[in-house]
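According to the working numbering, the sequence shown is numbered sequentially starting from 62.
Before any comments, here is the structure.
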Amino acid sequence: MGLKATKVTQTYGTNGCAVDNGGCSHLCFWCQQAVRCACPMGLELLSDLKTCVVPEAFLLFTNRDSIRSISLGTNSNDVAIPLTGVKEASALGSDVSEKRIYWTDIQAKKISRAYLNGSSVEHVIEFGLDYPEGMAVDWIGRNIFWADTGTNRIEVARLDGQYRQVLVCKDLENPRSLDNPRSLALDPANGYMYWTEWGGRPRIARAYMDGTTITTLVDKVGRANGLTIDYVDHRIYWIDLDTCMIESTNMQGLQRETIVDDLPHPFGLTQYRDFIYWTDFNLRSIERANKRSGQNRTVILKGQLELMLDILVFHSSRQDGTNECSQNNGNCAHLCLATPAGARCRCASHYSLSPDGKNCSSPSSFLLFSQKASISRIVIGEQSPDIILPIYITRNARAVTYDPLDHLVYWLDGRQNIRRARDDGTMASTVVSSTAQQVDYQLHDLSLDPYSRHIYWTCETTNTINVQRMDGHIVGVVVKDSTDKPRAIVVNAEKGYMYFTTVQERSTKIERSSLDGTERESLFTTGLIRPVALALDNKLGKLFWVDADLKRIESSDLTGANRIVLQDSNILQPIGLTVLGDHLYWIDRQQQVIERVDKVTGDGRTRIQGRIMYLTSIHAVKEMDPQEFASHPCYRDNGGCSHICIAKGDGTPSCSCPMHLVLLQDLLHCGDPPTCSTEQFTCSTGEIDCIPMAWRCDSYSECDDGSDEENCPVCSAFQFQCDGGNCIEAQKRCDGEPDCDDKSDEQDCETICTSAQFRCGDNQCITKKQQCDNYSDCLDGSDELSCDYISTSSSFVPSYEPTNPIGPVIAIILLVFVMGGACFVCQRVVCRRYKGPNGSFPHEYISGTPHVPLNFITPSSSQHGTYQGISCGKSIMSSVSLMGSSGSGAPLYDRNHVTGASSSSSSSTKGAFYPQILNPPPSPATDRSLYNVEIFYSSNSPSTTRSYRPYHPVRGAAPPTTPCSTDVCDSDYTPHHPPAGLLSSTSRWKASGHAGHGKPNKYYMDLNSDSDPYPPPPTPRSQYMSAEESCPPSPSTERSYFHLCPPPPSPCTDSS
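Structure below.
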């Protein structure tokens, strides 16, 4: 190590070092017209001030923010070792074989090491330190031991900081357990460690180096410090700060002696050969005296020294001996710790020693909790307390969780990133980076799906639930809601659901949905103010949550049933909860505690850990059965899905997609959604891509996956919400006409009819004149109940007694003549042309009010399965292309018989249709149009990805036109009775039940709605724009289709 100049072509001048290096053996400096010799680090200058030699021993001591050294064999001054990063050095240790020094820093809260020359500074222990006041190096087993006054622990680790283990800690149930440990010394050759305690009952104690067999050596002592061992005479020395004396006993705590007394303020102590060395705060000096008598006191160094907390001698004689750990770490996988009987293998905290006594296995069930700058682990049921994981990138950690497959810890940090690392600090990486994606994320919570290898996280900025693979590949957004803002989340990958809280301006909800964001439902909307954390237990089938404002912990079934309060007392600031085993654990930030109760009854409240500052989250890691894990349907290759895999109840995977993609027809891969117009809604999956926006949230599922009825808004203040979920105008509530499909708008109505109206039993209103008129105007017939027709008729007769009884008889005779004349006219003039082929009237036209479905088709036509991309079951009409481009069979009616066809034509309609009805015939519009509704699109619609026929039962629109041929007196006409169940008995537009598909109601029309039950004569045959046997186009041309109102009747002519 040095600096050398070469190729100096020309020199100017000279000095004393130019000749023979100024007589110096190593370094020569020309200072103030004189030669000054110096030595490299690790060497000492002899008294001749020219020769450098390896010193016999160094004396190392701390001096606040520096560590200095002075040789014990020369007269040189002390030298500061050039170390970086030292803030307040406290305890010192050394490894002579590697020429390293170790020190604790109580301000930086670290244990570090470096070579004697100050190079290669390393931080060995960086986490979980509070006040590491004592430290010692096991030069044989290659371990480092330290005592922490703040945590009340004595711990050990390898010299590089690996495999950290707590050996001795404070036990609240044992009053003689560790209490404020300070100084520490080791005797590795004999397998013992010694330490002092400054607690309520100060003492000097001893134990095996594995932390077992603790005994008290000296109990009648003050605050003992500077504990050191004389390995030659087998005695221990210490300074009593209360008596300002230096005392000594043998290794068993006997033969106690006072070596030096009446000292101003001694603090640090060490031993070398026949002398003991100590530091004094008041004198700011280092002195020595004979180790047996305390005589020959000599000042080694005095001057500008401060806060000299520790001192030691760096010499090989201080590190001699051997034990079973000296060779190959005693064949131990983690730690080899000496004992008087030999050595024992130990594992890092929370790891278990294998049956072979050598190897170690990681914990399978434990708790993780995060603090402001650390993540810690607790294994319940073990003596080993919590330990801080050596993860070096934790800054403002929160929302901690764990991947049991790769054994990685995940958490959110203060820079709005999702980070992960192994529990030993390795494999640290950033999974989601707001900086890299250039998005102003404000991450709130996260949860893992270990089977599909997905991360679910909520964002406060975008109010979304996002999904990303653990390999960093973005899946997409599954929930996005600006009104209900998702916050806390927990994923139930075993069941295929996720639970999350949503925040509104004035309310909060706990919701559940499928892992793709569908099937969303609100579990709880009341009794909540600010639920901050969720947890679930599939074994028990329970959901748990904690409300920070109500200061209450509750639970329910996974479906939201059986809601109970588990704990609501002495909870101040709960911010997280989790389930492990039979208990529910939670953290309280204000009380700085981790507590638990029985997860079923809420009893047995117990404090697990206290005095934990800056708590942010807690998470339970449960032991997972490898076979059960591998049997999950989404475990292998994400269930074959390209994006989201959801476990179904039958143990099979179901593929789905994020919001911006749709599931393709292979039901495995996701692709771009179809190009739907702005007036259309895009279905998430299924054969149907686009539906009219008017069908969105109408209580009928037009999309195959029902996505058009998901996440529907709540009805506005000017609307009434039916029990089925759809909305109607508020003024239609209790108006006597059921507008809701479930008729809930007409339920629980008070007075809904005027004084001139009669209220039916179903709250329908009719005029009072319609009551008791021998005709049921109410749908339930209640207007004809309890009627006294005789008294009703007599009410219109004057109250006086008739004096002439012949009047009523004459009136009856006249009425009979009028009716007889009417029948004669009907038989002779009108009705003859409407008789059937057998001379009788068709039954349908004389025995009731036939009702024909508006969307009937030829029974021979294919109704289902022929047409691709059609929502089946919506209506029978929906199976037929109205665009004229379908490859179906026969059209809705025969174009050769729209109007004007001869009654004797051989191409007249046969019995394949329903009986020809007495409505007006259709206008001669082409078969391209049936009726006009805005939400229908032509085949040129932007929806081009897959075939789609946007058919829908029209609500409130005009009925379709009647079949083309309406001449009921054709010679080849044969009446045909429609199948049973297709005819309705209601009037006007009414809805019937679903036809076997669970789809919305079909609509029918009362044929008696026309005032004239007889059609006009057919239109004269025209050759305009048609073949001889075809129908003419409508006057408004073929391009004008979907007229809102039905066409007017054609002129009545008789083609016969």
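Glycine included, every Cβ here is placed at the ideal spot set by N, Cα and C.
Source: prediction; values computed, not measured.
### Message
Let me check one thing: in DSSP terms, what residues is proline 547 bridge-paired to?
### Response
Taking the first residue of the sequence shown as 1, we reach residue 547 at position 486. DSSP, once it has assigned bridges, lists Thr563 as partnering proline 547.
#### Entry: Inter-residue Cα distance where the pair is tyrosine 163 and aspartate 156
Working through the sequence shown from its first residue, we reach residue 163 at position 102. Working through the sequence shown from its first residue, we reach residue 156 at position 95. Near 8 Å, if we compare the C-alpha coordinates of aspartate 156 and tyrosine 163.
### Message
If we define contact as Cβ-Cβ less than 7 Å, is threonine 212 a contact residue for chain E?
### Response
Although the question refers to chain E, the structure presented lacks it and comprises just one protein chain.
### Task
Within its chain, find whatever has a CB closer than 7 Å to the CB of proline 465; leave out the 5 residues flanking it on each side and keep chain order.
The sequence position of residue 465 within the sequence shown is 404, counting from 1. Within the same chain, proline 465 has close Cβ partners Pro511, Val682 and Met685.
### Query
So, helix, strand or coil for asparagine 357, using DSSP?
Indexing the sequence shown from 1 puts residue 357 at position 296. Asparagine 357: coil per DSSP, three-state reduction.
#### Entry: phenylalanine 119 and serine 108 closer than 7 Å at C-beta
Taking the sequence shown and counting its residues from 1, one reaches residue 119 at position 58. Taking the sequence shown and counting its residues from 1, one reaches residue 108 at position 47. Taking 7 Å as the Cβ cut-off, phenylalanine 119 and serine 108 do not qualify as a contacting pair.
### Query
With C-beta atoms as the reference, is isoleucine 449 less than 7 Å away from glycine 665?
On the sequence shown, position 388 is the one that residue 449 refers to. On the sequence shown, position 604 is the one that residue 665 refers to. Their beta carbons are not under 7 Å apart, which means isoleucine 449 does not touch glycine 665 by this criterion.
### Query
Among Asn390, Ser630 and His721, which residue has its Cα nearest to the Cα of valine 658?
Start at 1 with the first residue of the sequence shown, and residue 658 comes out as number 597. The candidate whose alpha carbon is nearest that of valine 658 is Ser630.
### First through last residue of the beta strand (DSSP E) which encompasses proline 753
Within the sequence shown, residue 753 is the residue found at index 692, counting from 1. From DSSP, the beta strand (DSSP E) with proline 753 extends over 751–753.
### Task
Counting only runs of 3+ residues fully inside the segment 295–375, write out the beta strand (DSSP E) ranges in chain order.
296–301, 306–311, 318–321, 327–333, 336–341, 346–351, 359–363 and 372–375
### Query
With burial defined as no fewer than 16 other Cβ atoms inside 10 Å of the residue's Cβ, what is the status of leucine 373: buried or exposed?
As a working mapping, residue 373 is identified with position 312 in the sequence shown. The residue in question, leucine 373, is buried, as its Cβ has 16 or more Cβ neighbours within 10 Å.
### Message
Is it buried or exposed, isoleucine 978, if we count other Cβ atoms within 10 angstroms and call 16 or more buried?
### Response
Within the sequence shown, numbered from 1, the residue matching residue 978 stands at position 917. For isoleucine 978, the pLDDT reaches just 44, beneath the cut-off of 50, and the residue's location in the model is therefore unreliable, although a value from the coordinates is still provided. With 16 or more Cβ atoms within 10 Å of its Cβ, isoleucine 978 is classed as buried.
### Minimum C-alpha distance to leucine 278 - residue among Met312, Met306, Val492 and Leu302
Mapped onto the sequence shown, residue 278 falls at position 217. Comparing Cα positions, the closest option is Met312.
### Query
Is the beta carbon of glycine 382 less than 7 Å from the beta carbon of alanine 250?
To locate residue 382, count along the sequence shown from 1; it is residue 321. To locate residue 250, count along the sequence shown from 1; it is residue 189. Cβ distance < 7 Å, so glycine 382 and alanine 250 count as in contact.
### Task
May I ask you to list the residues that DSSP assigns as paired with phenylalanine 878?
On the sequence shown, residue 878 is found 817 positions in, with the first residue counted as 1. Looking at the DSSP assignment, phenylalanine 878 forms no beta bridge with any residue, so it has no partner.
### Query
Would a C-beta distance cut-off of 7 Å place glutamate 258 and aspartate 271 closer than the cut-off?
The sequence position of residue 258 within the sequence shown is 197, counting from 1. The sequence position of residue 271 within the sequence shown is 210, counting from 1. No, these two residues do not count as a Cβ contact at 7 Å.
### Task
Compute the distance between the beta-carbons of cysteine 751 and cysteine 731, then report whether it is under 7 Å.
Counted from its first residue, the sequence shown places residue 751 at position 690. Counted from its first residue, the sequence shown places residue 731 at position 670. No. Outside cutoff.
### Query
Can you give, in chain order, each stretch of the beta strand (DSSP E) that sits fully within the segment 173–231 and has at least 3 residues?
183–186, 193–199, 204–209, 214–219 and 226–230
### Task
Select from Lys419, Glu183, Asp209 and Val140 the residue whose C-alpha is nearest the C-alpha of arginine 161.
Along the sequence shown, read from residue 1 onward, the residue named residue 161 stands at position 100. Taking only the C-alpha atoms, the option nearest arginine 161 is Glu183.
### Query
Expressed to the nearest angstrom, what Euclidean distance is found between the alpha-carbon atoms of phenylalanine 328 and serine 173?
Against the sequence shown, residue 328 aligns to sequence position 267. Against the sequence shown, residue 173 aligns to sequence position 112. Their Cα atoms are separated by approximately 22 Å.
### Sequence-distant residues of its chain with Cβ nearer than 8 Å to glycine 391 (five each side left out)
Position 330 of the sequence shown, counting from 1, holds the residue named residue 391. The answer, listed in chain order, is Gly202, Glu385, Cys397, Ala404 and Cys406.
### Query
On the three-state DSSP scale, how would you describe isoleucine 937?
Numbered from its first residue, the sequence shown carries residue 937 at position 876. Summary for isoleucine 937: the model assigns pLDDT 34, below 50, so the residue's position carries little reliability; its value from the coordinates is reported in the next sentence. Helix, per DSSP.
### Task
Could you spell out where the alpha helix (DSSP H) holding proline 687 opens and where it closes?
Position 626 of the sequence shown holds residue 687. 687–691 is the span of the alpha helix (DSSP H), which, as asked, contains proline 687.
### Task
Could you tell me which residues DSSP puts in a beta bridge with valine 658?
As a first step, residue 658 is located in the sequence shown; it is residue number 597 there, counting from the start. Beta-bridge pairing links valine 658 to Leu645.
### Task
Leaving out five residues on either side along the sequence, give the residues of the same chain with a beta carbon under 6 Å from the beta carbon of glutamate 807.
Taking the first residue of the sequence shown as 1, we reach residue 807 at position 746. Result list for glutamate 807: Pro799 and Asn824, in chain order.
#### Entry: Same chain only: Cβ atoms within 6 Å of serine 1002, ignoring 5 sequence neighbours per side
What you label residue 1002 is simply residue 941 of the sequence shown in a count that begins at 1. Any answer about serine 1002 is weak, because its pLDDT of 38 lies below 50 and its placement is not dependable; what the coordinates show is given next. The answer is none, since no qualifying residue turns up.
### Message
For a quick check, are the C-beta atoms of leucine 584 and glycine 621 less than 7 Å apart?
### Response
Here residue 584 corresponds to residue number 523 of the sequence shown, with the count starting at 1. Here residue 621 corresponds to residue number 560 of the sequence shown, with the count starting at 1. It is a contact, given that the beta carbons lie within the stated cut-off.
### Query
Taking C-alpha atoms, which residue in Leu414, Tyr176, Ile128 and Thr491 lies nearest to histidine 395?
Here residue 395 corresponds to residue number 334 of the sequence shown, with the count starting at 1. Per the Cα distances, Leu414.
### Neighbourhood of serine 616 by C-beta distance below 7 Å, restricted to the same chain and skipping five residues each side
Mapped onto the sequence shown, residue 616 falls at position 555. Result list for serine 616: Lys603, Leu604, Phe605, Ile625 and Leu627, in chain order.
### Query
If you drop the 5 nearest sequence neighbours on each side, which residues of the same chain put their C-beta closer than 7 Å to that of glycine 747?
The residue given as residue 747 occupies position 686 in the sequence shown. Around glycine 747: Cys764, Asp765 and Asp766.
### Cα-Cα separation, isoleucine 265 to threonine 123
The residue labelled residue 265 in the question sits at position 204 within the sequence shown. The residue labelled residue 123 in the question sits at position 62 within the sequence shown. If I take the Cα positions, the gap works out to 24 Å.
### Query
Which of the three DSSP states, helix, strand or coil, is assigned to glutamine 792?
Along the sequence shown, one-based indexing puts residue 792 at 731. Glutamine 792: helix per DSSP, three-state reduction.
### Task
Would you check if the segment 334–345 and the segment 92–111 touch, i.e. whether three or more CB-CB distances between them fall below 8 Å?
no
### Task
Assign isoleucine 871 to buried or exposed, taking buried as 16 or more other Cβ atoms, counted over all protein chains shown, within 10 Å of its Cβ.
As a first step, residue 871 is located in the sequence shown; it is residue number 810 there, counting from the start. Label assigned to isoleucine 871: exposed.
### Query
Out of curiosity, what's the CA-to-CA distance linking tryptophan 756 and aspartate 769?
The residue labelled residue 756 in the question sits at position 695 within the sequence shown. The residue labelled residue 769 in the question sits at position 708 within the sequence shown. Those two C-alpha atoms are separated by around 8 Å.
### Message
Using only the alpha-carbon positions, how far apart do leucine 233 and glutamine 670 sit?
### Response
Your numbering for residue 233 matches position 172 in the sequence shown. Your numbering for residue 670 matches position 609 in the sequence shown. Looking at the two C-alpha atoms, the distance is approximately 11 Å.
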